[in-house]
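Remarks on the structure that follows.
Number of protein chains: 2
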Amino acid sequence: MTALQPNYLIFSNEGVSGVAWKNRALKRSVIAYLDVSDSCTVMDISRELNISVPKAASLVSELVQDNLIRDYGKIDSTGGRKANVYGLVNDACFFIGVDVKKYYVNIGLLDFKKHLLSIRENVPFQLENTPGSLRALTDIIRRFISDFSELESRILGVGINLSGRVNHVTGYSYSFFHFQEEPLSRIIQQEIGIPTFLENDSRSMAYGEFMNGVVKNERNVLFINIDFGLGMGILIDGNLYYGKSGFSGELGHIPFFQNEKICHCGKRGCLETETSGIALLEEIKERIRGGSSSILSQKNRDVDRIRLEDVIEAARKQDTLVIEVLAELGDKLGKAIAILINIFNPELVVLGGKVSETGEHIRLPIRSALNKYTLGLVNNDTQLKLSRLGERAGVMGACLIARGKVLSAAH
Amino acid sequence: MTALQPNYLIFSNEGVSGVAWKNRALKRSVIAYLDVSDSCTVMDISRELNISVPKAASLVSELVQDNLIRDYGKIDSTGGRKANVYGLVNDACFFIGVDVKKYYVNIGLLDFKKHLLSIRENVPFQLENTPGSLRALTDIIRRFISDFSELESRILGVGINLSGRVNHVTGYSYSFFHFQEEPLSRIIQQEIGIPTFLENDSRSMAYGEFMNGVVKNERNVLFINIDFGLGMGILIDGNLYYGKSGFSGELGHIPFFQNEKICHCGKRGCLETETSGIALLEEIKERIRGGSSSILSQKNRDVDRIRLEDVIEAARKQDTLVIEVLAELGDKLGKAIAILINIFNPELVVLGGKVSETGEHIRLPIRSALNKYTLGLVNNDTQLKLSRLGERAGVMGACLIARGKVLSAAH
DNA sequence: GATTATTAATAAATATTTTTAATAAGTTTG
DNA sequence: CAAACTTATTAAAAATATTTATTAATAATC
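Residue numbers (this note's numbering), protein chains in the order written: chain H, 8 to 418; chain C, 8 to 418.
Put into structure tokens, the structure is as follows:
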């Protein structure tokens, strides 16, 4: 059987108006509804979209013809004729997510129903602000796509996470690959031939956890990305919050300490100088040099060559020094998160990024700091959870960002 | 001519479905569009709402019949037949706003086009958590309404600001008047016979400034309410942000200082303990007792009886002591606002509340603290302005909250 | 196990909306 | 100043959606 050419038209508004436009919008609404409710009947759609049953039925039948949704069978009834339920078709279309890290890339493929079908992790790569580095990146993406050639015509979007400042609307990147006039997203799109979307890494991870991770029904969520640096993704009423220029969530650089450590941003006293992966690593090294004992010091290795991964591994092995330093870090970070809780009154705060892989060793100190520093009434509203997706939040988020933009016809 | 009985039906969805429901929704959309664009043509509406011109024309003619909009005349054309422009009818309907303070009440009347037609300020009142105090409040509202008896049938909503915790959806108040089962908004509504909506005071003021104050086209705005306490209203994409239980924006109680001052909330080191009207007043008194000279000390009056209003008056008269203390307060508050700017990347921060009436004496120290404590890139995005409405932001906000809820049929 | 109540799907009739065409009311240009 | 060109409004025709009525399917009840 030859590859299906699904009816992509509904994901764009080009060249249509009037009834055609309305029908596309309605079909997208049906898909959006199916996206959150998983399956539904014709009557559900009629109620939800305020359209008549025959109209809903005709939309459904067209979407079935387009192979975007299909009949899932009958639903249990409470007395009366059983209704047909419909849901999305798994392989109707696909999306690619690219999580660009400093020394490697993670890349994955997501299907229409938000399953991560394939993921390739730790693909070697050097993130530099050079044309060569950009070419290496597009090569990696192209190579990944070529592994799914039979699906290629159904890959509708590519999402790319970059750290630093990114404008998701214009597609410009300000921290990397900004050596040309055109927006970066368009450059890459021309290279790989698929609509491409850029996003900040912490925001993307937040979106991943929100759509397909630890978040269930919460709509106002903070995602704290404790990695080498410290970032945050903000979800407000189920949508990513960007701020005026997409620079929101700069948690790492809020003025928080009276210390003398100069941050790489040039300011002094940034939160990140004491509560990030780098700060953790440096503190551990400092203490080992000062004579503290630890699994990390015993292996008569060079202190300078300890990596953040080693520290996290040591925490898993119940290393006392690491646990102690994490507790101190957690108390400070908890105080900062207490501020956020007072301001946002969120339903949920999710801890993600490399350092969060130390699990309860970081969560519990933060939790007790929250009890200490927030108003009881406000604090009781807020859950504190560890990321469910872990390292994969980035790829998942990138896929989902692309999926969300394509499905809402926002391109 | 007898008082018009306008067609209020479009502001509710009760008992309608299908075409009737859609038409009401469309008419509300027309009004919402007119609300931001002031005036428009039939073709504008057709484009904006994606409906055909004849359909738009029929909606417009019905709205004109309902006396909600009217023909403003012809618009200038750029070659071709001139179009009729339509706009809202000033006196189609009215809204009342009640700003409840500790020792007095401000109350005002707003028309359909957001003009504050009448305001009564400083109506004596004692805010206590007693049935008597509640009765006094409803009496004040009733008396105010009775002054506009010929308009009464067109008063569609009453908004009430209360300090402390308020749930705007359920209508419950948790800090005042919570001695009955039923939500407070319903109790008051029964007393005065007009749909009633509750809101937190800082949020309401933020909304006032946003809809009818210093905010022009900005969509992400923070309103800092520096009054006796310290509050904040958050506007995200043009909407008030509430958080899970409506407790967002608790700026006054974020853990910020290592001081020993115990806040009335029970915690230590709250921002409010050093950067609120009360903190300002106490610091001034302290310094005068310590021998500092000031306009306030010269009037051989009792130091204990200096009021916040006196301090603000002194600042206006260029009193050195007050200006000095304000500068210190502004520096601390500016550091806190720097945190907010890093997190929200807002287009605008508005300073409101009593202390903001000191004008540049408080704005400039905050501005320079922002330069010191925020990243240049982020800071350049953000304007810092003084409230335009001042004391009236509360009444204006309360009216507009009621207006917004009624017009969006959210009741 | 037949009957009744309930809900879903379909068909026919009715109502509404959009499209297309025509007309009206201007502006610009030769 | 009239012809050509624009744009707005109205009218009639065509397309589309909603209503209402009917049929189909199933669970609960007697």
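Glycine residues also receive a C-beta, built at the ideal position from the N, C-alpha and C atoms.
Assignment of R172 of chain H by DSSP, reduced to helix, strand and coil, places it in the coil class.
For the pair of segments examined, the stretch 334-345 of chain C was found not to touch the stretch 301-313 of chain C: the number of CB pairs separated by less than 8 Å stays below three. Shortest Cα-Cα distance from R172 of chain H to any of H:K251, H:N113, H:L382, H:F151 involves H:K251. DSSP, reduced to helix, strand and coil, places R149 of chain C within a helical segment of the structure shown. Residue-level contact by beta carbon fails for A322 of chain H and chain C, as no gap is shorter than 8 Å. In this structure the stretch 90-100 of chain C touches the stretch 61-80 of chain C; the number of beta carbon pairs closer than 8 Å is three or more. Going by beta carbons, L347 of chain C and K392 of chain C fall outside the 8 Å limit. In this model, N129 of chain H and G220 of chain H are separated by some 21 Å (Cα to Cα).
For C272 of chain C and F254 of chain C, the gap between their C-alpha atoms comes out near 14 Å. Comparing C-alpha distances from F186 of chain C to each of C:L229, C:R142, C:F204 shows the shortest one belongs to C:R142. If you draw a straight line from the Cα of G215 of chain C to the Cα of G366 of chain C, it comes to about 19 Å. Sequence-distant Cβ neighbours of V222 of chain H in its own chain, meaning closer than 6 Å and more than five residues away, are E216, V228. Counted as a single uninterrupted DSSP element, the stretch harbouring R374 of chain C is not any beta strand (DSSP E) but the alpha helix (DSSP H) occupying residues 367-380. The beta carbon of A345 of chain C sits closer than 8 Å to some beta carbon of chain H.
Contact annotation for Y248 of chain H against chain C: I243 [CB-CB distance below 7 Å, chain order]. Q390 of chain C sits in a strand when the DSSP states are folded into three classes. For S375 of chain H, not one C-beta of chain C is nearer than 8 Å to its own C-beta.
Chain-order list of chain H residues neighbouring D388 of chain C: G250, K251, S252, F254, by C-beta distance under 9 Å. Residue environment for Y110 of chain C: exposed (fewer than 16 other C-beta atoms within 10 angstroms of its C-beta).
The CB of H185 of chain H never comes closer than 8 Å to any CB in chain C; the least such distance is about 13 Å.
With fewer than three CB-CB distances shorter than 8 Å, the stretch 184-201 of chain C does not count as touching the stretch 235-245 of chain C.
Scanning H:V112, H:L328, H:I408 for the CA closest to the CA of E293 of chain H turns up H:L328. In chain order, K251 make up the part of chain H whose C-beta sits under 8 Å from the C-beta of E354 of chain C. Between S59 of chain C and S68 of chain C, the gap from beta carbon to beta carbon reaches 8 Å or more. DSSP lists H:V165 as the bridge partner or partners of T203 of chain H. Judged by DSSP secondary structure, P131 of chain C falls within the beta strand (DSSP E) whose first and last residues are 123-131.
Within the same chain, V310 come within 7 Å of R296 of chain H by CB-CB distance, once the 5 residues on both sides are set aside. Chain C places a beta carbon closer than 8 Å to that of K29 of chain H, counting this residue as a contact. The criterion of a C-beta distance shorter than 8 Å is satisfied by V105 of chain H and V165 of chain H. Contact residues of the stretch 258-271 of chain C toward chain H are L258, H260, I261, P262, F263 (C-beta to C-beta distance below 8 Å).
Counting of Cβ neighbours within 10 angstroms places R312 of chain C among the exposed residues, the total staying below 16.
V310 of chain H sits in a helix when the DSSP states are folded into three classes.
From the listed residues C:A417, C:A409, C:H418, C:S415, the smallest Cα separation to L117 of chain C is found for C:A409. Among the residues facing chain C, S415 of chain H is not included, as its CB has no counterpart in that chain under 8 Å away. The beta carbon of A90 of chain H lies closer than 6 Å to those of T48, I82 in the same chain, with the five residues before and after it left out. The contact set of N227 of chain H on chain C, defined by CB atoms closer than 8 Å, consists of G250, K251 in chain order.
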